[in-house]
Structure formats: structure tokens, C-alpha cells
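Residue 692 is where the sequence shown starts when you use our numbering, and the numbers rise one by one after that. Where is the CB? At the ideal position from N, CA and C, for every residue including glycine.
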Amino acid sequence: MMKEKIKIIIECIIVIGLVFLYAHIAKTNNVYDDTIDPSKYGSVVEKESVWVSEEFKVSEETLDGVRIKGAESGDISKVNIEYELREAASNKVVAEGNVNAKKAIKSRFYELPFTTIQNCKGKTYVLSVRQSSEDGESAVHFSYEKKVEPGTKFIVNGNDIEGTMIIKTITNRFDLETFFVVTIFVLYIVAFLKLLYKLFK
Numbered sequence: 692m693m694k695e696k697i698k699i700i701i702e703c704i705i706v707i708g709l710v711f712l713y714a715h716i717a718k719t720n721n722v723y724d725d726t727i728d729p730s731k732y733g734s735v736v737e738k739e740s741v742w743v744s745e746e747f748k749v750s751e752e753t754l755d756g757v758r759i760k761g762a763e764s765g766d767i768s769k770v771n772i773e774y775e776l777r778e779a780a781s782n783k784v785v786a787e788g789n790v791n792a793k794k795a796i797k798s799r800f801y802e803l804p805f806t807t808i809q810n811c812k813g814k815t816y817v818l819s820v821r822q823s824s825e826d827g828e829s830a831v832h833f834s835y836e837k838k839v840e841p842g843t844k845f846i847v848n849g850n851d852i853e854g855t856m857i858i859k860t861i862t863n864r865f866d867l868e869t870f871f872v873v874t875i876f877v878l879y880i881v882a883f884l885k886l887l888y889k890l891f892k
């Protein structure tokens, strides 16, 4: 009996440990209004490569990257996206990079990663991006909603635009909601299997 109890406790610890690890996710937070129909988005279409910037406030303690929405034109494997992130208060560049559009696309968004930035909560940042094409024809046209969200500012080539860029911030962290949902799911499966075992024993 004691051995059986110890076995159950060990199994529970292992399951909880695995669920805990699984619950460490790339948590995203939308800067834009996700209730708007994507067919109503606007796109920044410029003949020449220009800087497209969005000012926004961060709701998480840390920041590990952003995802931006774009409309594809031509062969995006020949398109590169250059980006930089500045702290609005100091205008200091805290992250920058350059990615191939084809390699960066994930779940219909372009992921722009950078080294973890600490102490972000409540601070305002400015993301600036621009695309360049190897063939002069292919492009990524950055998407935006046609209204201004609170605490944001959308700028294209130095000009204020009435809208908000379609951006998600990324924070790699433990997510309590995911932990509880997966735990409940696992408990349900275990209970169901035990019920089946009793029925067919």
C-alpha cells in the first residue's frame, strides 16, 4: 500500500513538472485591436524602402521580440526586414536586427527576435522597420489598422499616419493560465482512463 502511494506521488510530481515546463511559452500581447477584420487592414506600399515606426507601451516585465503583420508581394525569400527598437524616453537603441522575410514568417506574422530586455513594464518603445528587396520587385507591405489605439503613434517615413501597426510583443515566460488549462486537461485524461480501466477490468 505504501509503495503504491509513493508511486502515485512520484507520478504526480513528474506530471506537474512536465506541465510546468510546457507552460513556459512565448506569451504574446497585441498592440492592435484583434477584433478588427484583417480584410480592413491598410498596407504601407512605397516604391522605395522607407522606415515604418510604431510607438507603443509594454505590459510585461521583459521583452524578447515582436511579431508584425505584412502583406506579401512576389518572392519574399528575396526580401529582408531591418528593424530596431528604441526606448522612447531616452531614444536609446535597445535592440536591432535584420532577418529574411521567408525565414521570419510564423503563423502569418513576421517574427523579429532580440536579446531579452529587462524592466519593460509601463515603458514606451518605438519599433522601426523597413524592407529591402534583392530583385527590386518583391516586397513586404507592413499592415496597420485604420484607427489609433491608446498610447500608440504610427509614423511612415517621418509622417504621422492615422492608424496602428499590427504588432504583437513577445515575452518568454511561465504562463499561469496555460499551466492550469493543461493540468485540468491531464487530470481529465487520467480520470477518463481510470474509468475505462474499471469498466473493462
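Requested in this report: Report yes if the CB atom of lysine 859 is closer than 8 Å to the CB atom of phenylalanine 805, and no otherwise.
Outcome: no
Query raised in the report: Identify the residues that DSSP records as bridge partners of alanine 830: which are they?
Result: Alanine 830 is bridged to Ser764.
Requested in this report: Please classify leucine 754: is it buried, with 16 or more other beta-carbons within 10 angstroms of its beta-carbon, or exposed?
Outcome: By the Cβ-count criterion, leucine 754 is buried, with 16 or more other Cβ atoms from all chains shown falling within 10 Å of its own Cβ.
Query raised in the report: Going by beta carbon distance, what residues of the same chain come within less than 7 Å of glutamate 778, once the five residues before and after it are set aside?
Result: Val785, Lys814, Tyr816
Requested in this report: Evaluate the contact criterion for the region 856-873 versus the region 828-839: three or more CB pairs, one atom per stretch, below 8 Å.
Outcome: yes
Query raised in the report: For proline 729, which three-state DSSP category applies?
Result: Assigned with DSSP and collapsed to three states, proline 729 falls in helix.
Requested in this report: Might you give, ordered along the chain, the residues of its own chain that have their beta carbon closer than 7 Å to the beta carbon of cysteine 811, omitting 5 neighbours on each side?
Outcome: Closer than 7 Å at Cβ, skipping near neighbours: Val749, Glu751, Glu752, Thr753, Leu754.
Query - Beta carbon of aspartate 866 nearer than 8 Å to that of isoleucine 716 - result: Result yes, Cβ atoms of aspartate 866 and isoleucine 716 sit closer than 8 Å.
Query raised in the report: Going by DSSP, what residues sit across from asparagine 771 in a beta bridge?
Result: Asn791, Ser823
Query raised in the report: Skipping 5 residues on each side, what residues in its chain have a beta carbon closer than 8 Å to that of threonine 869?
Result: Correct list, in chain order: Tyr713, Ala714, Ile716.
Query raised in the report: Name the DSSP beta bridge partners of valine 743, please?
Result: Val820, Val847
Report task. Examine the Cβ distances between the region 878-890 and the region 781-797 and report whether three or more of them are shorter than 8 Å. Result -> no
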